[in-house]
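Number of protein chains: 2
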Amino acid sequence: MGQRDAGATRARILAAAVTEFAAHGHSGGRIDRIAKDAGSNVRMIYAYYGNKSGLFDAALSDAIRRMADEVPPRPTELPAWVGELFDFHQRQPEVLRICLWAQLERPEAASEPLETYLAKVESLQQQASPVIGAVDLLVIIYAVAQAWQLAPVGLLSADGSASHETRRAAAVEAITRLLA
Amino acid sequence: MGQRDAGATRARILAAAVTEFAAHGHSGGRIDRIAKDAGSNVRMIYAYYGNKSGLFDAALSDAIRRMADEVPPRPTELPAWVGELFDFHQRQPEVLRICLWAQLERPEAASEPLETYLAKVESLQQQASPVIGAVDLLVIIYAVAQAWQLAPVGLLSADGSASHETRRAAAVEAITRLLA
DNA sequence: CCTAAGTAAGTATCTATTTACTTATAGGCT
DNA sequence: AGCCTATAAGTAAATAGATACTTACTTAGG
Chain X
48 MGQRDAGATR ARILAAAVTE FAAHGHSGGR IDRIAKDAGS NVRMIYAYYG
98 NKSGLFDAAL SDAIRRMADE VPPRPTELPA WVGELFDFHQ RQPEVLRICL
148 WAQLERPEAA SEPLETYLAK VESLQQQASP VIGAVDLLVI IYAVAQAWQL
198 APVGLLSADG SASHETRRAA AVEAITRLLA
Chain U
48 MGQRDAGATR ARILAAAVTE FAAHGHSGGR IDRIAKDAGS NVRMIYAYYG
98 NKSGLFDAAL SDAIRRMADE VPPRPTELPA WVGELFDFHQ RQPEVLRICL
148 WAQLERPEAA SEPLETYLAK VESLQQQASP VIGAVDLLVI IYAVAQAWQL
198 APVGLLSADG SASHETRRAA AVEAITRLLA
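Protein sequences, first through last, are from chains X and U. For the first sequence, the working numbering assigns the number 48 to the initial residue and increments by one for each residue that follows. For the second sequence, the working numbering assigns the number 48 to the initial residue and increments by one for each residue that follows.
Here is the structure:
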């Protein structure tokens, strides 16, 4: 293979799409920018992904898969898992951003890779309580891990003494108390 | 005042803008639709709000103010407050949606009405603990109250026995345990 | 009758998608 | 091996429809 490698081009387009859509969303994302950023051409995007929405969905799935791979659930150590999720979102804000865009702009696409979530629910059954069921527990864990990414920047910067570590500790502590 | 009432037109435009931007965001929102929906004209939007971003910011501020008015903080009864926030988001999903859009598309605008938040932080000082400070506590409370709106619909529908009440109870219980 | 409120019809730009074309490369055939 | 060719990979330019924003005009009402 020389300069023509379909798989590599496909992958470069997908990577560029994740970046673009994470930054600007489906509606704000620009096909031209993605093509340029991928060192490819608009035509190739349509050849490989059909249309803008197809590309967005592919980018979303890729991001979700990456998160599931990098931070696998640890049903017996939920506080530790929250800490890892917190770190992940700090390290790769792109993933949460693209998920949020999807939730707002294409809710039907957002729950496509559902097995990923359902498997986690299964494994959480043990930790659930009568008042907080397994699904709700998972929902709360995700919410706490993402909480600081969703807060307005002005509010966070108001807390001068805060740091990555203190916030992480707060998230972990919150889930610890939740399970006590 | 007859058919020509500047204040009323302004208000109708703003209301239509909140609806439109909550549904489609800044980038996806359409000026023409807002004008039509408000029973007014594109020109008036520019006369009153300058440009699209000006209108979006006004809509955002209006939504935030509405939430602050309807669900004032109750520093000494945080679990109850979470319950009310949960109800509010269920009742008026528009507000959370427009805040999320702002966070993604115009983060600088999202923290404009900052006093609203800072006042709440002040009042939370009493409830804070060494490991979870006042700001972090507020961040977590917001996150839990919104959690179910951010979860993929497919995940929620997987839980057949869940209802508004059981979820609300889970949110309240989570904050109760957090403060124990 | 003058000013502010309102209307209708542009305009210039942008943007997703297509069409028509060029070139590399794998694999059969001699 | 070396040529030939079908096909996949790639490019550039056009198109058709939106869309934010303006200009030029009309009308209500104090």
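Don't be surprised by glycine CBs; every beta carbon is placed ideally from N, CA and C. Everything numeric in this text was worked out from a predicted model, so none of it was measured.
Which residue from U:S74, U:T123, U:Y189 and U:Q137 puts its Cα closest to that of X:W148?
The shortest Cα separation from X:W148 among U:S74, U:T123, U:Y189 and U:Q137 belongs to U:S74.
When burial is assigned at 16 or more other CB atoms within 10 Å of the CB, is U:Q150 buried or exposed?
Per the 10 Å Cβ criterion, buried.
Is the Cβ-Cβ distance between U:Y164 and X:L202 less than 8 Å?
Yes; because the gap between Cβ atoms is below 8 Å, this pair is in contact.
Would you report the Cα separation of U:Q172 and X:R77, rounded to the nearest angstrom?
For U:Q172 and X:R77, the distance between alpha carbons rounds to 45 Å.
Any beta-carbon of chain U closer than 8 Å to the one on X:A209?
For X:A209, the answer is yes, since a Cβ of chain U falls inside 8 Å of its Cβ.
Tell me the rounded alpha-carbon separation between X:A166 and X:S108.
C-alpha separation (whole angstroms): 16 Å.
Using 8 Å as the limit for Cβ to Cβ distance, is X:Q174 near chain U?
It does not: the Cβ of X:Q174 has no partner Cβ on chain U nearer than 8 Å.
When DSSP labels each residue in this structure, what does U:A85 get in the three-state scheme?
Coil.
Quick check on the DSSP output: the alpha helix (DSSP H) that includes U:S100 runs from which residue to which?
Element bounds for U:S100: K99 to E117.
Using a beta-carbon distance cut-off of less than 8 Å, what residues from the stretch 188–204 of chain U approach chain X?
From the stretch 188–204 of chain U, only Y189, A190, V191, Q193, A194, W195, L197, A198, P199, V200, G201, L202 and L203 have a Cβ closer than 8 Å to chain X.
Is the CB of U:D206 under 8 Å away from at least one CB in chain X?
Interface residue, yes.
Mind checking if X:P154 is an interface residue toward chain U, Cβ cutoff 8 Å exclusive?
Chain U contact via Cβ: present.
Is DSSP giving U:D134 helix, strand or coil here?
In this structure, U:D134 counts as helix in the three-state DSSP scheme.
Looking at X:A175: is its Cβ nearer than 8 Å to the Cβ of X:V142?
For X:A175 and X:V142, no; Cβs fall outside 8 Å.
Against X:L165, what residues of chain U qualify as contacts under a CB-to-CB distance less than 8 Å, listed in chain order?
Within chain U, the residues near X:L165 are L202 and A205.
So U:G180 contacts chain X; which residues on that side make the cut at Cβ distance below 8 Å?
Within 8 Å Cβ-Cβ: D206, S208, A209, T213 and A217.
Do X:A218 and X:V191 have their beta-carbon atoms positioned less than 8 Å apart in this structure?
Yes, they are a contact pair.
With distances taken between CB atoms, is the gap from X:R224 to U:R121 smaller than 8 Å?
Not in contact: X:R224 and U:R121 (Cβ atoms no closer than 8 Å).
DSSP on X:D52, reduced to helix/strand/coil?
Note: X:D52 maps to coil in three-state DSSP.
Let's see if you can read the secondary structure: which residues bound the alpha helix (DSSP H) around X:P154?
It spans P154 to A157 - the alpha helix (DSSP H) in which X:P154 sits, taken as one unbroken run.
Check the Cβ of X:W148 against every Cβ in chain U and list those closer than 7 Å, keeping chain order.
Residues of chain U passing the Cβ test: L151.
Using the beta-carbon of each residue, which ones in chain U are nearer than 9 Å to X:V65?
Under the 9 Å cutoff, chain U gives no residues; its nearest Cβ is about 15 Å from X:V65.
Identify, in the order they occur along the chain, each residue of the same chain with its Cβ nearer than 7 Å to the Cβ of X:M48, setting aside the five sequence neighbours on each side.
Any reading at X:M48 must be qualified, since the residue scores a pLDDT of 42, below 50, and its modelled position is unreliable; the value itself is stated next. Correct list: empty, nothing qualifies.
Where does X:A217 sit, in a helix, a strand or coil, going by DSSP?
Helix, per DSSP.
Return helix, strand or coil for U:I60, following the three-state DSSP convention.
Note: U:I60 maps to helix in three-state DSSP.
Which residues of chain X have a Cβ atom closer than 8 Å to the Cβ of U:S74, listed in chain order?
Residues of chain X passing the Cβ test: H71, G72, S74 and G75.
By the three-class DSSP mapping on this structure, what secondary structure does U:A190 have?
DSSP places U:A190 in helix when its eight states are reduced to three.
Taking the alpha helix (DSSP H) that U:V200 falls in, what are its first and last residues?
Where U:V200 is concerned, the enclosing alpha helix (DSSP H) stretches over V200 to S204.
Here's a check: name, in chain order, each residue in its chain whose Cβ is nearer than 7 Å to the Cβ of U:A63, leaving out the five neighbours to either side.
Result list for U:A63: I81, D84 and A85, in chain order.
Ordered along the chain, which non-local residues of its own chain (more than five positions away) have a Cβ less than 7 Å from that of X:A181?
Hits under 7 Å: V168, L171, Q172 and A175.
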